[in-house]
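Count the sequence shown with the numbering used here and you get residues 6 to 286, in order.
Reviewing the structure listed below.
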Amino acid sequence: MSELADFSNLAMTLAPWRARIVFIGGWAFRLYSYEPRAWTPDHKPIFTQDADVAYAEREVLEGDIKRALENAGFTEEPNFAGGFKPPAMRYTLGKRANGFYAEFLTPLTGSPLRRNKVTRRMEQNATEANAGVVAQKLRHLEILLHEPWLVTIPAEESGRGDALVDLRIPNPVSFMVQKLLIRDDRIPEKRAQDVLYIHDAMLLFGGVIEDELVPVWRRLEPTLSDAQRKSIDAGVGAFFTEVNDTIRAAAAIPRPDRHIEPEDLLRLCKNGFEALFGDVP
């Protein structure tokens, strides 16, 4: 089964919850190719084996997602790192090593600690159970749930024989802004990958910044805290003021089907954020 067919299997399985979930992360970027406003590049997007599925804070998901996943061939695998209660889970398709898997995520706002209702002790507010699955809580995830865009995978490409309609993915502004906000939580390799994702999103949607992305930003900005606004400005300045190690590492990621000069990566992102936000710090 192809990787797109694997994802399509997940999307079809989650169809009853489609209006309440957003596909984020690397698969969201891959799905931008089905967005009519996106430019069509001549290279393949960054590969990712995991699909991140997000839902809103305090969202009540009806039904049993875990059972639906199990019926579709997914297996729940706990990750006991961190000692979270309940433990974080991934949902792997089949028994293939390093195969396709899904993880569920939801925003973390407020305190990173909570009181255990049974032991009355304080513990990390890092996971929650919802509709049978366990989701990890992450800072700034709510940004990705703001005004999601809808895409459709055509039947001839889904690998399942049916079109997958109205899949919700982050709008490109939220996609880029969230990566600026999480930069300090990322290891250098992931930080470089995030910069490449920002560059590639600018490449896809650079032609519609004024008409499509600026209005989205104007509606998103008032929902942000002062700390988030300052962090976004600082992130643009830290990443895109001059060619730095992160820029060089990001430019070195692409496969042989494309080549990026660090200076070109910097220029595209700097000009893009100037058009989107105003003057870059």
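By construction, the Cβ of each residue, glycine as well, lies at the ideal position given by its N, Cα and C atoms.
The structure displayed is predicted, hence computed values, not measured ones.
Could you name the residues of the same chain whose beta carbon sits closer than 6 angstroms to that of residue 236, not counting the 5 residues immediately before and after it, in chain order? 186
Would you check if the distance between the CB atom of residue 254 and the CB atom of residue 270 is smaller than 8 angstroms? No, the Cβ-Cβ distance between residue 254 and residue 270 is not below 8 angstroms.
Residues of its chain near residue 48, where Cβ-Cβ distance is below 6 angstroms and the 5 sequence neighbours each way are ignored: 262 and 263
Kindly identify the DSSP beta-bridge partner or partners of residue 106. DSSP lists 55 and 97 as partners of residue 106.
Is there at least one Cβ from chain B nearer than 8 angstroms to residue 29's Cβ? Any reference to chain B falls outside this structure, which holds one protein chain only.
Between residue 62 and residue 111, which are expected to be in contact by the criterion C-beta below 8 angstroms, what is the C-beta distance as a whole number of angstroms? With a contact defined as Cβ atoms closer than 8 angstroms, residue 62 and residue 111 qualify at about 6 angstroms.
Residue 11 versus 277, 53 and 171, residue with shortest Cα-Cα distance: 53
Start and end residues, beta strand (DSSP E) containing residue 83: 79-84
By Cβ distance below 7 angstroms, which residues in the same chain neighbour residue 81 in space, the five residues on each side in sequence not counted? 71, 94 and 96
Coil, strand or helix - residue 150 by DSSP: helix
Can you name, in chain order, every residue of its own chain whose Cβ lies under 7 angstroms from the Cβ of residue 167, other than the five neighbours on each side? In the same chain as residue 167, and ignoring 5 residues on each side of it, the C-beta atoms closer than 7 angstroms to its own belong to 160, in chain order.
Ordered along the chain, which non-local residues of its own chain (more than five positions away) have a Cβ less than 6 angstroms from that of residue 109? Hits under 6 angstroms: 58, 138 and 140.
Since residue 134 and residue 142 should fall inside the 8 angstroms C-beta cutoff, what is the C-beta to C-beta distance between them, to a whole number of angstroms? With 8 angstroms as the limit, residue 134 and residue 142 do not qualify as a contact, their Cβ atoms being about 12 angstroms apart.
Sequence-distant residues of the same chain with beta carbon closer than 6 angstroms to residue 267, five excluded per side: Residues 248, 252, 253 and 256 of the same chain have their beta carbon placed closer than 6 angstroms to that of residue 267, with the five preceding and five following residues left out of the count.
DSSP three-state call for residue 49: helix, strand or coil? coil
Express the C-alpha separation of residue 149 and residue 114 in angstroms, rounding to a whole number. 14 angstroms
How big is the Cα-Cα spacing for residue 6 and residue 229? Any answer about residue 6 is weak, because its pLDDT of 45 lies below 50 and its placement is not dependable; what the coordinates show is given next. Taking the straight line from one Cα to the other gives about 41 angstroms.
When we look at the beta-carbon of residue 210 and count the other beta-carbons within 10 Å, is it buried (16 or more) or exposed? buried
Could you pull the start and end residues of the alpha helix (DSSP H) that residue 76 belongs to? 70-76
Specify the secondary structure class of residue 142 as computed by DSSP and reduced to three states. strand
Measuring straight from C-alpha to C-alpha, what distance separates residue 233 and residue 184? 12 angstroms
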